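Position 100 of the sequence shown, counting from 1, maps to 112 under our numbering, and the rest follow consecutively.
Every residue gets a Cβ at the ideal spot worked out from N, C-alpha and C, and that includes glycine.
These numbers were taken from a predicted model, which means no experiment stands behind them.
Report on the structure given below.
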Amino acid sequence: MPFDINGIRIPTIQRDNVAIRCRGCGEVIDGAPFRVNVMDITSVEIPPSWSGPTTLNPGPFQLHADPACARRWMRERGNLFCRKSAIRELMRPIVVPGETPRWGLCDGFHHDDHELVPA
Ligand SMILES: [Zn+2]
Ligand SMILES: [Zn+2]
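Following this line, the structure appears as structure tokens:
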């Protein structure tokens, strides 16, 4: 509610009412979103023929703090998920060889081979 100081009308600061929607399920996020960033692609070896559409958007992506939402977000991007990793705020992109270039996402916390599975 507005109030006056010495006759000057001071509007109260409006709460930011723009709803944040989850990139996974599309529902409004109530409270603090879980933010996922994809690590800088330049730190990953990329075959030079890959360009344009395979470029990864580094984010941040705002999601519910629910692994199901993060998995759904990856699935809709066509990403694979390394099942030895967890959903963390910083995910590392992994080149998935094949006729159609794909990306896997891993938290990079394990040191053995990735096990990429459909998210
Ligand atoms: Zn969600
Ligand atoms: Zn991995």
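Chain-order list of residues whose beta-carbon lies under 7 Å from that of residue i (same chain, five-residue window excluded)
| i | result |
| --- | --- |
| Met-86 | Phe-93, Leu-117, Ala-131 |
| Val-108 | Leu-92, Arg-114, Trp-115, Gly-116, Leu-128 |
Cβ-Cβ distance between residue i and residue j below 7 Å
| i | j | result |
| --- | --- | --- |
| Arg-21 | Glu-101 | no |
| Gly-19 | Asn-49 | no |
| Ile-106 | His-126 | yes |
| Asp-78 | Ala-98 | no |
Cβ-based neighbour list, residue i, same chain, cut-off 6 Å, excluding 5 preceding and 5 following
| i | result |
| --- | --- |
| Asp-42 | none |
Length of the line joining the Cα atoms of residue i and residue j
| i | j | result |
| --- | --- | --- |
| Gly-64 | Met-51 | Because the pLDDT of Gly-64 is 49, which lies under 50, any placement of that residue in the model is unreliable, and the number read from its coordinates should be weighed accordingly. About 18 Å. |
| Ala-31 | Pro-45 | 11 Å |
| Ala-80 | Phe-121 | 20 Å |
| Trp-115 | Arg-104 | 10 Å |
| Gln-74 | Glu-111 | 31 Å |
| Gly-90 | Ala-82 | 12 Å |
Own chain residues within Cβ distance below 8 Å of residue i, not counting five before or after
| i | result |
| --- | --- |
| Asn-69 | Val-50 |
| His-76 | Cys-34, Gly-36, Cys-37, Glu-39, Ile-41, Pro-45, Phe-46 |
Where the beta strand (DSSP E) containing residue i begins and where it ends
| i | result |
| --- | --- |
| Met-103 | 102 to 108 |
| Arg-87 | Per DSSP, Arg-87 belongs to no beta strand (DSSP E); it is in the alpha helix (DSSP H), 79 to 89. |
| Phe-121 | Premise fails: Phe-121 is in no beta strand (DSSP E) and is neither H nor E. |
| Arg-95 | From DSSP, Arg-95 is part of no beta strand (DSSP E); its letter is neither H nor E. |
| Asn-49 | 46 to 50 |
| Pro-130 | 128 to 130 |
Proximity test, residue i beta-carbon vs ligand 3 heavy atom, cut-off 6 Å
| i | result |
| --- | --- |
| Asp-125 | With respect to ligand 3, the structure offers nothing, as its ligand set consists of ligand 1 and ligand 2. |
Alpha helix (DSSP H) segment containing residue i, residue limits
| i | result |
| --- | --- |
| Arg-35 | No alpha helix (DSSP H) contains Arg-35, which DSSP labels as neither H nor E. |
Pick out every residue whose C-beta is nearer than 5 Å to a heavy atom of ligand 1: which are they, in chain order? Cys-34, Gly-36, Cys-37, His-76, Cys-81
Residues around ligand 2, please: the condition is that the C-beta lies closer than 6 Å to some non-hydrogen atom of it. Cys-94, Lys-96, Ser-97, Cys-118, His-122, His-126
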